[in-house]
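**Student:** Each protein sequence line maps, in turn, to chains F and A. Following the numbering used here, the numbering of the first sequence begins with 1 at its first residue and continues without gaps. Following the numbering used here, the numbering of the second sequence begins with 1001 at its first residue and continues without gaps. We put the beta carbon where it would ideally sit given N, CA and C, even for glycine. As the structure is a computational prediction, the values presented were derived from the model and not from experiment.
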Amino acid sequence: MAFKIGIWMGDSFAEIFAENSASAGKSQLSSRWFHPKKSLSEGLRETLLNLEAGDSPGTVIAATSRAEMSVARKQGTEPAVLVTAGFETWARFGPGSSNGIPSMRTQREWFPTPPDKIFGIEERIRADGSVEKPLAESELEFLVAKLELSKVKEIAIAFLHANRFPQHEQKAAEFFRARGFKVVCSSELEGDFDDITRVRRTVESAFAEALVQEDLAAIRAVLPEGWSLEFWTPKGLSSTGTAALVRGGVDAALSKAFSKHELTYFFGLEEFLGFKGGASYLLPVQPTCQIGASQWAFPSWTAVDRGYEPGPMLFGKSHQLTILDVLFVRDRLSGDIEGFSDRVQAKSSARILEALFTLGKNLAEPGRRAADAKDIAHDLESAFVERLAMDLAIQNARTVRLAGPLAQAVGALLEKRRSDLKFTYDPMTIAQAAAGV
Amino acid sequence: MARRTQDWNFSSARSAFIQSAFDHALRELTDEGFACAIVQALDSSVLHLYPTAPPDLATLPQAANTCHHFLKLKSGDLALVNDPSSGSFSLSTFTCVTAASLPDGELLIAARFETPRRLGAKVDEEGVRVPPMPIASKRVLNKDILTAMSMHPAAPQDLVSKIENAARLLFEAAHRLELIARGTPSFNANHFKSYLDDSSSAFESALSRLPLGSAVVTGRVLGSNEQIKLTLELSEKHVQFDFKGTEVSTKVGISELTTLGTCIWSVLALLGEDVPLTSSVLGHFQVSAPTNTLLASRAQLSLERGLSLVVPLLGELVHSALAKINPKLKRAGTAGADALAQLEFANGRVAMLSAAPGTAAIAGESGQDAHGAWNPQLPPSLEKTDSSQLIWTAYGVRTGSGGKGVKRGGDGELIACRLLEPAKLRYFLGRSTARPEGASGGRAGSPGEIEIVRASGTKESLTDLEGLVDLLPGDEVRLHAAGGGAWGELPEADKAE
């Protein structure tokens, strides 16, 4: 195929990279935009026009973070969950979210569906895969009416030990699919999970399915005849695009793109990632994590990822500080970052400094003067750089590849901090990595 | 390596970074549920603690120090210990200790993991006792010692694989700390001093939110009826626990360190502040428990009984005393202990069932289901695979066991299995048999119980503190943990519902 388009669907941003290798010299197009301002269909349509593909066939390869983000933002459709009878409430169990501090208020991880949508089905498979109790198909018929009444359209099926004997799940899935329900089965997931992760992954996939399909429908709507659509999954490209399959696809596309480098840091607008030895990991600081009070007499990052709705303070709407706001008032984001810089409100600087001053005032010991907002911004930036330097120390690499839209901004700080390392810059975008170009 | 000094305007900003470095180095261990501690070998100061149970707060640093005292640990060495006299609190919890070699001295890293608990009348029936023992050098495990240990009839089945996993993660954590120290100038012994000072200030600031005063409370241990008397005094910078008046016991007891850890845990849990846990913070707590009383026991008593009967009672007493000083801190009751049932098969194999209680409701917040009162990260066990001897028939929460109220008590855990071979059931419901009371008009939670459904269909309910029952193939055991007490009286209309 002479025409190839890579698409990245993020939580708030989208990217397209297109290549025409038919012309004498290869031509390439690239764009990134803020989701709410332009739809995916619109973006793709514009690219196709500019590419001047005419009637020639081509390929679109999509990498999406929407399945993960749907769960992280709790934006999706609550599915019905079918589990082995006797284990209904077990499905909601997860590791308690603890930070090792004694507390009476620790919470369990959020579960994407309420208890009244979890149904126990009479069936039992033993740990060795043998059948202890056959699937009671009569129960499924009874359930249909119940699900229709509660207007449920998505179903997650996660029977005990189904990974060792998937036939019960398959039979139940077939039954519900024939009646128009969308079904995700735990035995269809790729990867080796423990029981509880398998259940959670299945339910999360069903929860995110509608959102992922909405994106794919937007792409298909403008895809010219003769063009094919493929998706990045953790195992490579697939022609099937479901939430269960595409989860982890962005990491896979980037891992492949950076596989030749000793260590790569990807400073994206939504995530800061590290890539080493073919594996990816989250860097210890994330771009939109909220800054707030901490146990120390100094503000710190919280685990709360604010995302871009309403966005960091520098976009002019939010009241929640993030590291992007700190970098902004430290004049680190002055370059032109496509899809991002045009959203920045210059007047936000005063608001951000005011918010930092208020944080400092709340943390100051009684009777003492509040710290200067610029001093706080300085130390927050130092802490940000030190955390990255800590990861650099642990990775113990000599050369570091920096990529992503914020690479120049953060790279300047890292180069100063670790002048003994060799830093190189890579213009690779996620959409380009998705296209495999 | 470039060691450019980072400028900081605030020492607390650097301290926050140091804490994040400890967190980062231990991440894989804590993610897998290990309790962890980092201790400076030079002066035994505790730099970082990640406890998963109240006794960890005092016993985990002690285990690290004891191992180092006897074995002079270096980078690449590994020690193992579970002996209560060397800083453990149960024979089913094992602690591995290694050292990270930093330019200005060694840091000891301790990681503690649990194995299935074992019921016995005396401590030595509850597992194999391991004094501080060197089990690895230059990162190579001594397989002969591990094999010999695993041959002991009371050794947990998967002990060796658990030690191997702990060793791998500990060596990785030590290596990370060494690399961080090499590449990050803010991370050194000199700055650890200001880090400890800052942690003390942070704690004092958190403590200032509690009202000052003193209170006296008493409670009796379930079963033995022996008394604990606590005089708690809260001043600006210290929390003092005086247990003068507590009875000497020959039946049940816990060690001084377990008492200390439980007292600290209880205050911190009520404080609800994310304070750094360092020796400077722990130093604000003072405990005085007369020797040989049930809170400073030296007798070889069952540790599991002490953990089930005394630790939760002690926690409840600390909270009662704080609520006496400030009634706003009042909360409902919780069993605070797991219900335990041990299946003993003819071939010598033992399967332990344990069910966690629901937690108490507090003003403005319902209790949590199957979460344990003292262990905030207690995960549901996922190792409950079927065997040729039993098949699991139910696992989840015991719906409705939490008390009803404006804020409901957490539901206890429910776990059930059907036997495929004959077995003896040795059970210990302990404090789970007490009915956790509600507060401010909220209803009490349901007490724990064991239900036996015989193959014939007849049902038996076991509600004693402990006992022994014969079971046959086809019999089903259903272990119900206690629910937590509720907070606040329900309006009349809701009561009827």
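Do you know whose CA, among F:A293, F:L314, F:V250, F:L321, lies nearest F:Y281's CA?
**Tutor:** Among F:A293, F:L314, F:V250, F:L321, the Cα nearest to that of F:Y281 is on F:V250.
**Student:** Give me the residue from A:G1485, A:L1390, A:E1451, A:R1426 with the minimum Cα distance to A:K1407.
**Tutor:** Out of A:G1485, A:L1390, A:E1451, A:R1426, A:G1485 has the C-alpha closest to the C-alpha of A:K1407.
**Student:** Looking only at its chain, what residues have a beta carbon closer than 6 Å to the beta carbon of F:S21, apart from the 5 residues adjacent to it on each side?
**Tutor:** Closer than 6 Å at Cβ, skipping near neighbours: A2.
**Student:** Could you tell me whether the Cβ atoms of F:D325 and F:P312 are closer together than 7 Å?
**Tutor:** Going by C-beta atoms, F:D325 is nearer than 7 Å to F:P312.
**Student:** How would you write the range of the alpha helix (DSSP H) that A:N1190 sits in, first residue to last?
**Tutor:** 1189-1207 is the extent of the alpha helix (DSSP H) around A:N1190.
**Student:** Please list, in chain order, all residues of the same chain as A:S1279 whose beta carbon is under 6 Å from its beta carbon, the five residues on each side excluded.
**Tutor:** So the qualifying residues of the chain are S1045, V1046.
**Student:** Helix, strand or coil for A:E944 per DSSP?
**Tutor:** Because chain A here runs from 1001 to 1497, residue 944 of chain A falls outside it and cannot be looked at.
**Student:** Secondary structure at A:G1488, three-state DSSP: helix, strand or coil?
**Tutor:** Three-state result, A:G1488: coil.
**Student:** In whole angstroms, what is the alpha-carbon distance linking A:M1352 and A:D1043?
**Tutor:** Between A:M1352 and A:D1043, the C-alpha separation is close to 40 Å.
**Student:** Decide yes or no for the touch test of the segment 62-81 of chain F against the segment 3-10 of chain F: beta carbon pairs closer than 8 Å, at least 3 of them.
**Tutor:** With the cut-off at 8 Å, the segment 62-81 of chain F and the segment 3-10 of chain F touch.
**Student:** Are there any heavy atoms of the ligand HEM lying less than 6 Å away from the beta-carbon of A:T1458, as far as the coordinates show?
**Tutor:** Of ligands this structure carries none, so the ligand HEM is not represented either.
**Student:** When burial is assigned at 16 or more other CB atoms within 10 Å of the CB, is F:M428 buried or exposed?
**Tutor:** Counting Cβ neighbours within 10 Å, F:M428 comes out buried, since at least 16 surround it.
**Student:** At 3 residues or longer, and completely inside the segment 338-419 of chain F: list those beta strand (DSSP E) runs for me, N to C.
**Tutor:** Here the runs fully enclosed are 399-403.
**Student:** F:W301: buried (16+ other C-beta within 10 angstroms of its C-beta) or exposed?
**Tutor:** So F:W301 ends up on the buried side.
**Student:** Classify A:M1352 as helix, strand or coil using the three-state DSSP reduction.
**Tutor:** Three-state DSSP puts A:M1352 in a strand.
**Student:** Rounded C-beta distance between A:G1483 and A:P1436? I'm assuming under 8 Å.
**Tutor:** So it is a contact: roughly 7 Å between Cβ atoms.
**Student:** For A:E1449, report the span of its beta strand (DSSP E) as first-last.
**Tutor:** Unbroken beta strand (DSSP E) run through A:E1449: 1449-1453.
**Student:** Leaving out five residues on either side along the sequence, give the residues of the same chain with a beta carbon under 8 Å from the beta carbon of F:K171.
**Tutor:** Same-chain partners within the cutoff: L135, E137.
**Student:** Using the beta-carbon count (16 or more within 10 Å), is F:R201 buried or exposed?
**Tutor:** Buried is the call here.
**Student:** Is any beta-carbon of chain A found at less than 7 Å from that of F:T89?
**Tutor:** Yes, F:T89 counts as interfacial toward chain A.
**Student:** The beta strand (DSSP E) that contains F:K146, what's its start and end?
**Tutor:** F:K146 -> not in any beta strand (DSSP E); alpha helix (DSSP H) instead, spanning 137-149.
**Student:** What does the Cβ neighbour count give for A:W1265, buried or exposed, with the cut at 16 atoms within 10 Å?
**Tutor:** Per the 10 Å Cβ criterion, buried.
**Student:** So what does A:A1423 bridge to, in DSSP terms?
**Tutor:** According to DSSP, A:A1423 bridges with A:F1345, A:L1471.
**Student:** Name, please, each residue of chain F whose Cβ falls closer than 7 Å to the Cβ of A:G1396.
**Tutor:** Within chain F, the residues near A:G1396 are F87, E88, T89, W90.
**Student:** If I measure Cβ to Cβ from A:R1478 and keep anything under 6 Å in the same chain, skipping five residues before and after, which residues do I get?
**Tutor:** Answer for A:R1478: A1416, E1451, listed in chain order.
**Student:** Which of helix, strand or coil does DSSP assign to F:L314?
**Tutor:** Here F:L314 sits in helix by DSSP.
**Student:** Rounded to the nearest angstrom, how far is the Cβ of A:I1018 from that of A:H1175, given a contact under 8 Å?
**Tutor:** At roughly 18 Å, the Cβ-Cβ gap does not stay under 8 Å, so A:I1018 and A:H1175 are not in contact.
**Student:** Pick helix, strand or coil for F:I101, following the three-state DSSP scheme.
**Tutor:** Three-state result, F:I101: coil.
**Student:** Can you look up F:V250 in the DSSP assignment and give me helix, strand or coil?
**Tutor:** Of the three classes helix, strand and coil, the one that applies to F:V250 here is helix, per DSSP.
**Student:** Do we get a CB-CB distance below 7 Å when we pair F:W33 with the residues of chain A?
**Tutor:** Cβ-Cβ to chain A under 7 Å: no for F:W33.
**Student:** When the cut-off is 7 Å and only beta carbons count, does A:W1265 lie next to chain F?
**Tutor:** So, interface residue.
**Student:** Quick check on F:Y425: buried or exposed, where buried means 16 or more other Cβ atoms within 10 Å of its Cβ?
**Tutor:** That one is exposed.
**Student:** Pair every Cβ in the segment 318-334 of chain F with every Cβ in the segment 388-404 of chain F, then say whether three or more of these pairs are closer than 8 Å.
**Tutor:** Judged by Cβ distances under 8 Å, the segment 318-334 of chain F makes no contact with the segment 388-404 of chain F, as fewer than three pairs qualify.
**Student:** Just how far apart, CA to CA, sit A:L1078 and A:S1137?
**Tutor:** C-alpha separation (whole angstroms): 7 Å.
**Student:** Give the range of the beta strand (DSSP E) segment to which F:L237 is assigned.
**Tutor:** First-last of the beta strand (DSSP E) with F:L237: 236-238.
**Student:** Against chain C, with Cβ distances strictly below 7 Å, would F:A434 count as a contact?
**Tutor:** Of the chains in the structure shown, none is chain C; the protein chains are F and A.
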